[in-house]
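Per the working numbering: the sequence shown ends with 167, consecutive numbering throughout. Yeah, the Cβ is synthetic: ideal placement off N, Cα and C, and Gly gets one too. Notes follow the structure.
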Amino acid sequence: MKQAELPGVQKSDEEYLFPVMRLKGQRYKIFGIVTNMDWGGRELITWLYERCGKSEEAHSVMKSDFAGGRFPSGDFGENAAWWWIMALAYNLNSLMKMLVLGESWVNKRMKAIRFGLINIAARVLEHSRRLWVRISASHPSSGLLIDMRRRIAQLAASG
9 MKQAELPGVQ
19 KSDEEYLFPV
29 MRLKGQRYKI
39 FGIVTNMDWG
49 GRELITWLYE
59 RCGKSEEAHS
69 VMKSDFAGGR
79 FPSGDFGENA
89 AWWWIMALAY
99 NLNSLMKMLV
109 LGESWVNKRM
119 KAIRFGLINI
129 AARVLEHSRR
139 LWVRISASHP
149 SSGLLIDMRR
159 RIAQLAASG
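Have a look at this one:
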C-alpha cells in the first residue's frame, strides 16, 4: 500500500533521506513524535530538543567505558546478564557523579574518573577489624575524598 502524500510536502530536484516541507521559501524537516506523556505540545517539543543526542551519548559511554560493546560469550543468556550488569554499573556511576562527586564531575567520562580518583596511590591497612586507607594530606584528591565520604554518610542517613 502506498503512503499518501503529506499536505505541503513537495518533491524537489534535491533528494533527501527524510521528508522535507517548503514553507515561504524555507525547507523544514518533517518528523513525528509518538509518546504516552500527557504533556502539551510545546512542553513536549522543548523536552525533546533538550535531550536530543543524549541517548546516543549514553550508548557510546556504555559500550566503550563499561565494556557493553564486548560480550563475554556466544550464549544469549550470559550476554544478557553482562548487559544488565553493565547498565547497572552505568546507572550507579551516573548517580554517584550527581549525588556524591559534585557538579564538576558530572560530565566526566569513566577514564577521567579512573585517573583522577580511583587510581590514587594509597596504603590500605587493617587494624582493629577495620580497613583504613591512608593517602597523603597534600594529595589534590584528599579533600574530594573526605567530601565524598561526608555526602555518602548524608545519603545513608536520609535513606
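For the putative contact between ARG131 and ARG142, defined by C-beta atoms under 8 Å, what is the C-beta separation to the nearest angstrom?
5 Å
Terminal residues of the continuous alpha helix (DSSP H) containing VAL69?
62 to 72
Among ILE38, ARG35, LEU56, LYS37, which one has its Cα closest to the Cα of MET45?
LEU56
Quick check: the region 32 to 40 against the region 58 to 68, are there 3 or more CB pairs under 8 Å?
no
What separation, rounded to the nearest whole angstrom, lies between the Cα atoms of ASP21 and VAL28?
With a pLDDT of 49 at ASP21, under the threshold of 50, the modelled position of this residue cannot be trusted; read the value that follows with caution. About 12 Å.
Taking the Cβ atom as the reference point for each residue, do VAL114 and MET156 lie within a distance shorter than 8 Å?
no
Could you compute how far the alpha carbon of PHE26 sits from the alpha carbon of GLN34?
15 Å
Go through its chain and collect everything with a Cβ distance to ALA164's Cβ below 6 Å, but skip five positions before and after it.
Nothing meets the Cβ criterion.
Suppose you measure from the CA of ARG30 to the CA of ASP73; what does that come to, to the nearest Å?
42 Å
Strictly by DSSP, which residues pair up with GLN162?
According to DSSP, which records beta bridges pairwise, GLN162 is partnered with nothing at all.
According to DSSP, is ILE154 helix, strand or coil?
helix
Rounding to the nearest angstrom, what Cα-Cα distance links ILE160 and GLY151 in this structure?
14 Å
Starting from MET29, trace the beta strand (DSSP E) in both directions and tell me its first and last residue.
Residues 28 to 31.
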